[in-house]
Amino acid sequence: MTTKTNNKIKPFLRWAGGKSWLVKHLNQLMPKVNFKNYHEPFLGGGSIFISIQPSKKVFLSDLNKDLISTFATLQVNPEGIIKVLKTYRNTEDFYYKIRNRKPKGPVTHAARFIYLNQTSFNGIYRVNLKGEYNVPYGYRTKNFREPDNLRLVSNRLKGAILFHGDFALVKDNIKKGDLVFLDPPYTVSHNNNGFIKYNDKLFSLDDQKRLSELIDFVKKKDAYYVLTNAATKTIEDIFEKSDRKLELNRASLIGGLNAERGQTTEYVFTNVS
Numbered sequence: 004m005t006t007k008t009n010n011k012i013k014p015f016l017r018w019a020g021g022k023s024w025l026v027k028h029l030n031q032l033m034p035k036v037n038f039k040n041y042h043e044p045f046l047g048g049g050s051i052f053i054s055i056q057p058s059k060k061v062f063l064s065d066l067n068k069d070l071i072s073t074f075a076t077l078q079v080n081p082e083g084i085i086k087v088l089k090t091y092r093n094t095e096d097f098y099y100k101i102r103n104r105k106p107k108g109p110v111t112h113a114a115r116f117i118y119l120n121q122t123s124f125n126g127i128y129r130v131n132l133k134g135e136y137n138v139p140y141g142y143r144t145k146n147f148r149e150p151d152n153l154r155l156v157s158n159r160l161k162g163a164i165l166f167h168g169d170f171a172l173v174k175d176n177i178k179k180g181d182l183v184f185l186d187p188p189y190t191v192s193h194n195n196n197g198f199i200k201y202n203d204k205l206f207s208l209d210d211q212k213r214l215s216e217l218i219d220f221v222k223k224k225d226a227y228y229v230l231t232n233a234a235t236k237t238i239e240d241i242f243e244k245s246d247r248k249l250e251l252n253r254a255s256l257i258g259g260l261n262a263e264r265g266q267t268t269e270y271v272f273t274n275v276s
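Start counting the sequence shown at 4; every next residue gets the next number (this note's numbering).
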C-alpha cells in the first residue's frame, strides 16, 4: 500500500470533523511501512482514503446509512448522479424543496445527499427524531456539482467493499499487516460547542472505551492502527497503550453554540513506528 497523496482528487463531501487537514501529516504518521488491506470504519467524508491510494483490498463503512448509500451509488453510477445534480439550483427556495422531498431510487438519493451537504449550513449532517434532515440553507456560492471530481472519486472507489454498521464490524476482515484508520465522532472537546454536544448522543464515552478494545484486537492481529481523537485527559487515559502519541494543531472550522474558531489540538495515536 502507498501513502502517496493525489492533489487532483479531493473529498466530494464537506464533513464535520473531516480529516483533510491531516493529509499533510501522513508521511509522518506512516513512514516506511508497506500495509496490506485498508479499513476505515468511520468513513465520513473519506479524506484519508481518497488521499492515500490504497493498492490492496479496501473496506469502508460508517454508521450513517445515507452516507454509505451515497458512496455506494457514486462507486457504480457517477454519471447518473451528475445528470441529476445538473438540474439542481443553489437557491434558498430550491434547497428547501429538495430537503423536503423524499428521493426515489439510489441515484436521486445520492444526488440529494451531495446537494444538501454542499449547500447547507456548515455541511453538518443532522436529522430530527423522525429521521428527517433538518439543517438550514447555508447561502454558499461555491459550485456544488464538480463533476470531474465526482468521476475521480468514483474511480478511486472501484473495488472497495462498502457496508453500513457499527465500527466493531471491522473485526471480521482485519488480517495481519493491515491498516485500520479510526476517526470517531469526538465525544469531548476543548470548545464544548453544540456540535460536540450533539455527537455525545451518537458516540458516548462507553463507545470510546469499546473503540479502545477494538484497538487491542487490531494489535493482537499484528495489524496497524491510526486513531485521531480530541486532545483531552479523558481520551488520553482511555487510549494509553504505550504506542506513539502525537499532538497536531489544526484550524477549528466547525461552528455551533458557543463555538470558538481558531487553532485546535488533536491527538493521534498509532502503533506505526
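Ideal Cβ positions, reconstructed from N, Cα and C, are used throughout, including at glycine. Quick caveat: nothing in here was measured; it's all calculated off a predicted structure.
Between Asn-107 and Ile-177, is the Cβ-Cβ spacing less than 7 Å? Here residue 107 turns out to be Lys, not Asn, going by the sequence shown. Contact flag unset, no.
Quick check on Tyr-99: buried or exposed, where buried means 16 or more other Cβ atoms within 10 Å of its Cβ? Exposed.
To which residues of the same chain is Asp-246 closer than 7 Å at the C-beta, ignoring the five residues directly before and after it? Closer than 7 Å at Cβ, skipping near neighbours: Phe-272, Thr-273 and Asn-274.
Taking 8 Å as the cut-off, does the stretch 56-64 touch the stretch 143-157 (at least 3 CB pairs, one atom from each stretch)? As far as the Cβ criterion goes, the stretch 143-157 does not touch the stretch 56-64, which means the pair count is below three.
C-alpha gap between Val-221 and Phe-62, whole angstroms: Approximately 15 Å between the Cα atoms of the pair.
Quick one: what does DSSP say Ser-23 is sitting in, helix, strand or coil? Helix, per DSSP.
Ser-54: first and last residue of the uninterrupted beta strand (DSSP E) it sits in: Unbroken run through Ser-54 is the alpha helix (DSSP H), 50-55; no beta strand (DSSP E).
Three or more C-beta pairs below 8 Å linking the stretch 127-140 and the stretch 27-45: Contact fails between the stretch 127-140 and the stretch 27-45, because fewer than three Cβ pairs, one in each stretch, are under 8 Å apart.
Comparing alpha-carbon positions, which option in Arg-213, Asp-186 and Ile-164 lies nearest Pro-231? Just to set this straight, residue 231 is Thr in the shown sequence, not Pro. Minimum Cα distance to Thr-231 is reached at Asp-186.
For the stretch 40-51 against the stretch 68-75, are there 3 or more C-beta pairs whose distance is under 8 Å? When Cβ pairs closer than 8 Å are counted between the two stretches, the stretch 40-51 is seen to touch the stretch 68-75, the count reaching three or more.
What do you get for Ile-238, buried or exposed, if any count of 16 or more other CB atoms within 10 angstroms of its CB means buried? Counting other Cβ atoms within 10 Å of its Cβ, Ile-238 reaches 16 or more and is therefore classed as buried.
Starting from Leu-230, trace the beta strand (DSSP E) in both directions and tell me its first and last residue. Segment 227-233, the beta strand (DSSP E) holding Leu-230.
Helix, strand or coil: how does DSSP classify Glu-269 here? Strand at Glu-269.
Are Asp-181 and Asn-37 closer than 7 Å when you measure CB to CB? No, the Cβ-Cβ distance between Asp-181 and Asn-37 is not below 7 Å.
Under the three-state reduction of DSSP, which class applies to Tyr-99: helix, strand or coil? Three-state DSSP puts Tyr-99 in a helix.
Leaving out five residues on either side along the sequence, give the residues of the same chain with a beta carbon under 7 Å from the beta carbon of Pro-111. In the sequence as presented, Pro is not what sits at residue 111; that position holds Thr. Excluding sequence positions up to five before and after Thr-111, its CB lies within less than 7 Å of the CB of Val-87, all in the same chain and listed in chain order.
Alpha carbons only, please: which of Ala-163, Pro-188, Ile-101 and Leu-249 is nearest the one belonging to Asp-169? Closest by C-alpha distance to Asp-169, out of Ala-163, Pro-188, Ile-101 and Leu-249, is Pro-188.
Looking only at C-alpha atoms, which of Leu-77, Glu-250 and Pro-14 sits nearest to Arg-115? Closest option to Arg-115, Cα to Cα, is Leu-77.
To which residues does DSSP link Ile-164 through a beta bridge? The partner list for Ile-164 (beta bridge, DSSP) reads Phe-62.
Helix, strand or coil: which one does DSSP assign to Leu-279? Because residue 279 is not part of the residues shown, which for the chain are 4 to 276, the question remains open.
Using a Cβ-Cβ cut-off of 6 Å (strictly less than) and excluding sequence neighbours within five positions of Asn-103, which residues of its own chain qualify? Taken in chain order, the list of residues that qualify is empty.
Report all residues from its chain with a CB closer than 7 Å to the CB of Asn-80; omit the five preceding and five following residues, and keep chain order. Only Val-110 meet the Cβ criterion.
Mind checking which residues open and close the alpha helix (DSSP H) that includes Phe-184? From DSSP, Phe-184 is part of no alpha helix (DSSP H) but of the beta strand (DSSP E) over 182-185.
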